[in-house]
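Working notes for the structure below.
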Ligand code: MN
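Residue numbers (this note's numbering): 638 to 1366.
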């Protein structure tokens, strides 16, 4: 792909395309954008206009319409030049102005950002998508060109952009069925996220390039030979290709296999005229090569959630080399390659295609619906990440309709997907005629019948929130509780908040409470304190997510007046040998006892152990109470007064990166050390690197470098850990 895009390339492409374009409008938009961006350059040093030209070209290849191409030319003018949206509207019309506005809004702030902003941005993105799906298609093309030219950006920017691309944009491209764009985005992002693994796979593929090409060529010939004496409407097209680097990498991981052992790194695609021929070809292929058992998938009768259709089978070729064969019609091929964009490419097409388009847009609506009832930021991001997970299962209703759900979906998810009211009234389910529990994990091909209650008032159970996998089901369950049990929710929520305040030693007089919580009420769209309690009650507001911030606010603004009272409250039951503050002691010498698990804010005492430093207990611990009862002076002398570090001082945030041999329980072991050291985790993530290694990253709040050094030493001692580093910021 050349990097020097010109308007001539665009004109050439339009003139040779059989689709109708308004060429003069496109040229005008180019001239307008070129003038607006005049003097600006890309990080590569090239004139800025190269970028809009590239985005327009990518969209042209996808077969998008005139307005989309014009909007691509103009997509950065409102953001980066003095041109206003009104001017764009006057010159190019309402549609182009709306598309440019949508893309500009999407561009404004990156998605991975501070928690609150992140939610806002994801909302904006969904909103833009809901107004016109072309906005997100332009954004995907924009991101694709930016990824192709990412090498010119600074290192930190590269990593963030790659991360965002892998987590948000590639899954969206996948969900919209745009295979080409999805694979290129993934490969480019992967290149920056794990350059080592990338170049290794690339190297291996390069090494045997000739051999591989010969292999694919010979397979194609054998198949073509066999097709010669068959009756086809048209001669089938046979393509051969090697799968994308990232998809090979994923397979190596999931199956823990070497690249040589991956079945379908070679793929042969056969495109025919109609569905009947697909199955005929399948029969021929299975007759020619030995199929590998359990590798046949019929995505024609049960399409994937992104509407992908094909027959897949893996067979053994010459010398026992396995390869995948995909069989599909031309129409299925267009959907597989261009996804939702096929709608524009073949706009004059049948009603059938319009229906498919509707089904895809239904997904977008579903995501937006789910996020409207959710106040939880992480959940919105999770919708993008998990609900878009490439692997879906397909379950049948007793009537034979197929329902696609994410892997690990349960009866609850299925019931709510069929209908909200069916979900609410579910009491049980039968799989292939046999009764199963509600947390049963559905598998592809199963026929599931939901048993509902006849009681008119039957509603969901709160425990279902832990059973449901999809955000759709969860938000429907929450909405029910929100509506049906407002009174109960207020009581539950108030009680939960009071308990949390007590636990975290937040003491706010009742008359100050509305003022103290004002920000949070606004953030969660609550008008009154009761609304807020109700939200906590039904789970729309998660206390665990907001309590740290409340504690912070409390310490900053409300704590002063309370201070004296507080020291008076922590009166040691036993005469202390000396008062110590936890962070003044080397962390290695302090252990938090397993018997009572003290938490910050608990009233605590320390016990001087023989040779293991000080173990910390709560004043309510049975061990401590027993010691007080025994009243043995020698023993009591070993109990001492300790206090929590002033949390106000613990504001330093840092990130650590742990590289380790991946194994079950690794993340748990690291987390355990962080918990044991009472180090709050602001954010953490882990992912697999090549050859079984895992990268665990955590942003933590830490008291100082000494504590950090200590922590790093401790993590290094965990089994399998290769290196622990303080991450570059
Ligand atoms: Mn751009």
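C-beta: ideal position from N, C-alpha, C; glycine also.
### Euclidean distance between Cα positions of residue 797 and residue 791
10 Å
### Query
So is residue 963 buried or exposed if we call it buried at 16+ other beta carbons inside 10 Å?
buried
### Query
Out of curiosity, what's the CA-to-CA distance linking residue 1085 and residue 1143?
49 Å
### Message
Could you give the first and the last residue of the continuous beta strand (DSSP E) run that contains residue 1252?
### Response
1251-1255
#### Entry: Reduced DSSP category for residue 1230 - H, G, I as helix; E, B as strand; rest coil
DSSP places residue 1230 in the coil class of the three-state scheme, outside both helix and strand.
### Query
In its own chain, which residues sit with a C-beta less than 6 Å from the C-beta of residue 1033, not counting the 5 before and 5 after it?
1039 and 1084
### Query
Secondary structure at residue 1427, three-state DSSP: helix, strand or coil?
The structure shown does not extend to residue 1427, since the chain spans only 638 to 1366, so no value can be given for it.
### Query
What do you reckon, is the C-beta of residue 811 under 7 Å from a heavy atom of ligand 1?
no
### Task
Evaluate contact between the region 930-944 and the region 861-878, counting only Cβ atoms and requiring at least three cross-stretch pairs below 8 Å.
The region 930-944 is not in contact with the region 861-878.
#### Entry: Between the CA atoms of residue 694 and residue 645 - distance to the nearest angstrom
Cα-Cα distance, rounded: 11 Å.
### Query
Between residue 668 and residue 650, what straight-line distance do the alpha-carbon atoms span, to the nearest angstrom?
18 Å
### Query
Taking the alpha-carbon positions, what's the residue 1046 to residue 887 distance?
22 Å
### Distance cut 5 Å, beta-carbon to ligand 1 heavy atom: residue list by chain order
713 and 779
### Query
Is the beta carbon of residue 1176 less than 8 Å from the beta carbon of residue 1102?
yes
### Message
Can you tell me which residues form a DSSP beta bridge with residue 1031?
### Response
Paired residues: 1041.
### Task
Report the rounded CA-to-CA distance for residue 725 versus residue 739, giving the unit in angstroms.
One C-alpha to the other measures close to 13 Å.
### Task
Go through its chain and collect everything with a Cβ distance to residue 1357's Cβ below 7 Å, but skip five positions before and after it.
The beta carbon of residue 1357 sits closer than 7 Å to those of 1297, 1298, 1300 and 1303, all from its chain and outside the five residues before and after it, given in chain order.
### Message
Between which two residues does the beta strand (DSSP E) holding residue 1334 run?
### Response
1330-1339
#### Entry: Three-state secondary structure assigned by DSSP to residue 652
In the displayed model, residue 652 falls within a helix according to three-state DSSP.
### Task
Go to residue 878, then tell me how far its beta strand (DSSP E) extends in each direction, as first and last residue.
874-879
### Message
I'd like to check one pair, residue 692 with residue 800: are the Cβ atoms closer than 8 Å?
### Response
no
### Task
Go ahead and pull the three-state DSSP assignment for residue 658.
coil
### Query
Under 8 Å between the Cβ atoms of residue 1100 and residue 1050?
no
### Message
Suppose you measure from the CA of residue 973 to the CA of residue 947; what does that come to, to the nearest Å?
### Response
9 Å
### Query
Buried or exposed: which applies to residue 855, given that a residue is buried once 16 or more other Cβ atoms fall within 10 Å of its Cβ?
It is exposed - the Cβ of residue 855 has fewer than 16 other Cβ atoms within 10 Å.
### Query
Relative to the alpha-carbon of residue 664, which residue among 700, 711, 699 and 678 has its alpha-carbon at the smallest distance?
711
### Query
At what residues does the beta strand (DSSP E) containing residue 1363 begin and finish?
1358-1363
### Message
Short of 7 Å in beta carbon distance, which residues of its chain neighbour residue 823, apart from the five on each side in sequence? Order them along the chain.
### Response
Excluding positions up to five away in sequence, the list reads 803, 807, 881 and 883.
### Query
Can you tell me where the beta strand (DSSP E) with residue 1244 in it begins and where it stops?
1241-1245
### Local conformation of residue 720 per DSSP, three classes
Residue 720: coil per DSSP, three-state reduction.
### contact_flag[the region 1165-1185, the region 1123-1135] where n(CB pairs < 8 Å) is 3 or more
yes
### Query
Do residue 772 and residue 743 have their C-beta atoms closer together than 8 Å?
yes
#### Entry: For residue 1277, the three-state DSSP class (helix, strand or coil)
strand
### Query
Pick from 688, 825 and 847: whose alpha carbon is nearest that of residue 779?
Out of 688, 825 and 847, 688 has the C-alpha closest to the C-alpha of residue 779.
### Message
According to DSSP, is residue 1067 part of a helix, a strand, or is it coil?
### Response
Strand.
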